[in-house]
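Colleague:
There are 2 protein chains.
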Amino acid sequence: MSAPTVSKVLNGRADVAPATRARVEELLRDHGYRRRRAEATRSPLIDLVFHELESAWAMEVIRGVENVARDAGLSVVLSESAGRLTPGRTWADQVAARRPHGVILVLSGLDESQRALLTSRSIPFVVMDPAGDPGVDVPSIGATNWQGGLAATRHLVDLGHTRIGAISGPTRMMCSRARIDGYRAALETAGLPVDPDLVMTGDFHHEAGYRQGLELLRRPDRPTAVFAGNDLQALGLYEAARELGLRIPQDLSVVGFDDLPVARWVGPPLTTVRQPLMEMAEAAARLVLDLGRDDGSTTATRVELATSLEARSSTGAPAVA
Amino acid sequence: MSAPTVSKVLNGRADVAPATRARVEELLRDHGYRRRRAEATRSPLIDLVFHELESAWAMEVIRGVENVARDAGLSVVLSESAGRLTPGRTWADQVAARRPHGVILVLSGLDESQRALLTSRSIPFVVMDPAGDPGVDVPSIGATNWQGGLAATRHLVDLGHTRIGAISGPTRMMCSRARIDGYRAALETAGLPVDPDLVMTGDFHHEAGYRQGLELLRRPDRPTAVFAGNDLQALGLYEAARELGLRIPQDLSVVGFDDLPVARWVGPPLTTVRQPLMEMAEAAARLVLDLGRDDGSTTATRVELATSLEARSSTGAPAVA
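Chains U and H are the protein sequences, given in the same order. 263 is the number that the numbering used here gives to position 263 of the first sequence; each next residue is one higher, with no gaps. For the numbering used here, add 1000 to where a residue sits in the second sequence, where the first one is 1.
(1) Quick one: list the residues of chain H neighbouring HIS51/U, beta-carbon separation under 9 Å, in chain order.
(2) By the three-class DSSP mapping on this structure, what secondary structure does MET173/U have?
(3) Starting from LEU1217/H, follow the alpha helix (DSSP H) in both directions and report where the run begins and ends.
(4) Per DSSP, SER1122/H is paired with what?
(5) Pairing CB atoms from the segment 218-235 of chain U with CB atoms from the segment 163-177 of chain U, are three or more of them under 8 Å?
(6) Apart from the five residues just before and just after VAL126/U, which ones in its own chain have a Cβ nearer than 6 Å to its Cβ?
(7) Reducing DSSP to helix, strand and coil, say where SER1108/H ends up.
(8) Mind checking GLN1114/H: buried by the 16 CB within 10 Å criterion, or exposed?
(9) Quick one, which of THR1153/H, GLN1094/H and LEU1159/H has its alpha-carbon nearest ILE1180/H's?
(10) Measure the C-alpha to C-alpha separation of ARG1302/H and GLY1142/H and round it to an integer number of angstroms.
(11) Tell me the residue span of the beta strand (DSSP E) that contains ASP47/U.
(12) How would you call ARG218/U, buried or exposed, if buried means at least 16 neighbouring beta carbons within 10 angstroms?
(13) Would you kindly work out how many angstroms separate the C-alpha atoms of ALA319/U and PHE257/U, rounded to a whole number?
(14) Report the CB separation of ALA263/U from ASP231/U in whole angstroms; it is logged as a contact under 8 Å.
(15) DSSP beta-bridge partners for ASP258/U?
(16) ALA186/U to LEU237/U, Cα distance in whole Å?
(17) Between GLU80/U and chain H, is there a C-beta pair that is closer than 7 Å?
(18) So who's on the other strand from LEU1252/H, going by DSSP bridges?
(19) To the nearest angstrom, report how far apart SER120/U and SER313/U are at their CA atoms.
(20) Along the segment 1210-1240 of chain H, where does the CB come closer than 7 Å to a CB of chain U? Name the residues.
(21) What residues in its chain sit with their C-beta under 8 Å from that of SER81/U, if we drop five residues either side in the sequence?
(22) Below 8 Å between beta carbons is the criterion; list the residues of the segment 59-74 of chain U that meet it against any residue of chain H, in chain order.
(23) Let me know the secondary structure DSSP gives SER168/U once reduced to three states.
(24) Going along chain H in order, which residues have a C-beta closer than 9 Å to the C-beta of VAL254/U?
(25) Would SER314/U count as contacting chain H if we go by Cβ distances under 7 Å?
(26) Measure the C-alpha to C-alpha separation of VAL16/U and GLU1279/H and round it to an integer number of angstroms.
(27) Can you give me, in chain order, the residues of the segment 98-114 of chain U that have a beta carbon less than 9 Å from any beta carbon in chain H?
(28) Closer than 7 Å, CB to CB, is TRP265/U near chain H or not?
(29) If THR315/U and HIS206/U are in contact, beta carbons under 8 Å, what's the gap, nearest whole angstrom?
(30) Would GLU310/U pass as a contact of ASP259/U if the rule is Cβ separation under 7 Å?
(31) Please name the residue in ASP71/U, VAL273/U, ARG63/U and ILE46/U whose C-alpha comes closest to that of ARG98/U.
(32) Starting from GLY149/U, trace the alpha helix (DSSP H) in both directions and tell me its first and last residue.
(33) Using DSSP with H/G/I as helix, E/B as strand and the rest coil, what is GLU1039/H?
(34) Residues in its own chain within less than 8 Å of THR41/U by CB, not counting five upstream and five downstream?
(35) Could you tell me the boundaries of the alpha helix (DSSP H) in which LEU53/U lies?
(36) Kindly indicate the opening and closing residues of the beta strand (DSSP E) around LEU244/U.
Structure below.
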């Protein structure tokens, strides 16, 4: 390994083979090196990485991060990990080279070598709404997904529903597992059976709500209410109900999750679990800046913000059979 | 003016008073200086500036720019001019310091000194969907707004409507003026009167569509159809109609503009004018990168992409009185 190569790695240059960079980083770590005075060389940027930008709620997150960044005199660099749950190697090299004040990962994690690279550069990172289990030492901001699933389903139970279906998000995302577990807990604590045939799996998009909704609603013993997993799937379910001539809420009650702006605009306005996305993004941005100050004052590095039920017009008592 | 100050300006440092920077830049310009070999010192970034991030269609634009940037190995820096139609001075200094490959301004312009600063740094810029008249020498990507307003209104005329209202966007934005002019042209060419009382002014948000919609629909001689200016205003109009017990399309036909994803999901699905936002953003990103190559090959620097009517279920023939 030549001295120029080591120098390139230290200077965060992009023209170094990933394997070489990893070896140099490892060597430095093993010898207890940690970059000093990172503050002085930082760019006035925060990196924000999305699992996918399609999510309608990405805009709420962008606005939250933008609010905190603007107050701190920083600009936001946006990347998309293009559907993969960890961003690519090139991305990590680019981040190491531009030295932002911090990195916020949305529904996205980092692999071991990416974490090591950022740590060696003293670039702090925070995971928002973790898709997997990020590990206890990874700072994260989430929402109380389990409580939200519980509240959504209890609301339907309280209205008198006994056959309640659900459409989950992708099972690889912890947030969608937690919501469905909350749904099950609500049924079980109410003494209602959990029928696995009434729990469908979607991907948090409109189309999945439509397709899985059609399947649920075409059953002879169709549910009278459905917890749709998120707002986009709820809108897909609306479309399925319209197609089958079922009225909401007279023939079918629907609860979403997220409380996107559109939830108030659809007809009928959607009962949903509010997830404070913008506040979560602001909290993530503040946390990552706090971590960058590195003065030991940051205490809570794993935070879940509360969700709350917003009852609107898409839920009601079941029709008497 | 000291040599270190000049050096700071040349190096794009942020710790120079704006007035001082402006004087230095002016001096250099007056003496015919133009920075050379900008390519070598550019950061792998594209700057994307929004008038406001609230616009639901901002996500389509972000995705388009992100697509082109990713292919070119660049990251996207996002800023918001916080409702002002030109971004602040600090922003221009930050951009000059970070030297992106180009700047894309969405519904936003630059003042003279900002343009001069970017030009002196050889940082090309493109305006997308110009809000004002950007001047003939400013490269821009737009959509055929006038044609879209014409097509929306002709569709309603063809269905048999004769009292057709409209809700415009902010009058300071050229795109909203063009749409309303298209609306007027459709009425005039059909031999129908243009009633100024039926043309309301909104701000492209849901709330304005709701408020102005209520006012239009409460008139004793209410219109049987409304061109809502954009999709968000159309959704506000839906809410106003629901509140007044008017059915769409039986009692009221509604046409939007933009074709956001949500237009297909609402009930009834919205007839709207499709604006190819993602393609426009991609075109803007490609144009700004072309301009940066500066090899004289860039010819079309003012482009309008075609709009098209998407007829769905929110429009129909007027009820027989």
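Positions of the beta carbon are idealized from the N, C-alpha and C atoms, including for glycine.
Modeller: If we stick to the structure as given:
(1) Going along chain H, no residue has its Cβ under 9 Å from HIS51/U, so there is no contact; the nearest lies around 13 Å.
(2) In the three-state reduction of the DSSP assignment, MET173/U falls in the coil class.
(3) 1206-1217 is the span of the alpha helix (DSSP H), which, as asked, contains LEU1217/H.
(4) Looking at the DSSP output, SER1122/H bridges to nothing.
(5) Flag = yes, the segment 218-235 of chain U and the segment 163-177 of chain U touch.
(6) So the list reads ILE104, PRO139, ALA284, LEU287 and VAL288, once near-sequence residues are dropped.
(7) It is coil, neither helix nor strand.
(8) Buried is the call here.
(9) Residue THR1153/H is the option with its Cα nearest to ILE1180/H.
(10) Distance from the CA atom of ARG1302/H to the CA atom of GLY1142/H, rounded to whole angstroms, is 8 Å.
(11) Where ASP47/U is concerned, the enclosing beta strand (DSSP E) starts and stops at 45-50.
(12) By the Cβ-count criterion, ARG218/U is exposed, with fewer than 16 other Cβ atoms from all chains shown falling within 10 Å of its own Cβ.
(13) Distance between the alpha carbons of ALA319/U and PHE257/U is about 24 Å.
(14) That belief holds up - the Cβ atoms of ALA263/U and ASP231/U are roughly 5 Å apart, short of 8 Å.
(15) Here ASP258/U is bridged, per DSSP, to ARG274/U.
(16) Answer to the nearest angstrom: the Cα atoms are 21 Å apart.
(17) Chain H contact via Cβ: present.
(18) DSSP links LEU1252/H through a beta bridge to no other residue.
(19) Taking the straight line joining both Cα atoms gives about 52 Å.
(20) If the cut-off is 7 Å between Cβ atoms, the segment 1210-1240 of chain H has LEU1235, TYR1238 and GLU1239 near chain U.
(21) Excluding residues within five positions, the ones whose Cβ falls inside 8 Å are VAL49, PHE50, HIS51, GLU52, PRO87, GLY88, TRP91 and SER108.
(22) Residues passing the 8 Å Cβ filter: MET59, ILE62, ARG63, GLU66, ARG70 and GLY73.
(23) In the three-state reduction of the DSSP assignment, SER168/U falls in the strand class.
(24) None at all; the shortest Cβ gap to chain H is about 12 Å.
(25) Under the Cβ criterion of 7 Å, SER314/U is not counted among the residues facing chain H.
(26) VAL16/U and GLU1279/H have their C-alpha atoms some 35 Å from each other.
(27) Within the segment 98-114 of chain U, the qualifying residues are ARG98.
(28) It does: the Cβ of TRP265/U has a partner Cβ on chain H nearer than 7 Å.
(29) In this structure THR315/U does not touch HIS206/U by the C-beta definition: roughly 20 Å separates them, more than the 8 Å allowed.
(30) Judged by beta-carbon spacing, ASP259/U lies within the 7 Å limit of GLU310/U, meaning their Cβ atoms are closer than that value.
(31) That would be ILE46/U, whose Cα lies nearest to the Cα of ARG98/U.
(32) GLY149/U -> alpha helix (DSSP H) spans 145-158.
(33) Unreliable positioning characterises GLU1039/H in this predicted model, as indicated by a pLDDT of 47, which lies under 50. The coordinate reading is nonetheless provided below. Residue state, collapsed to three classes: helix.
(34) Cβ within range, chain order: ARG99.
(35) Unbroken run through LEU53/U: none, as it is neither H nor E.
(36) It is not in any beta strand (DSSP E) - LEU244/U carries neither H nor E in the DSSP assignment.
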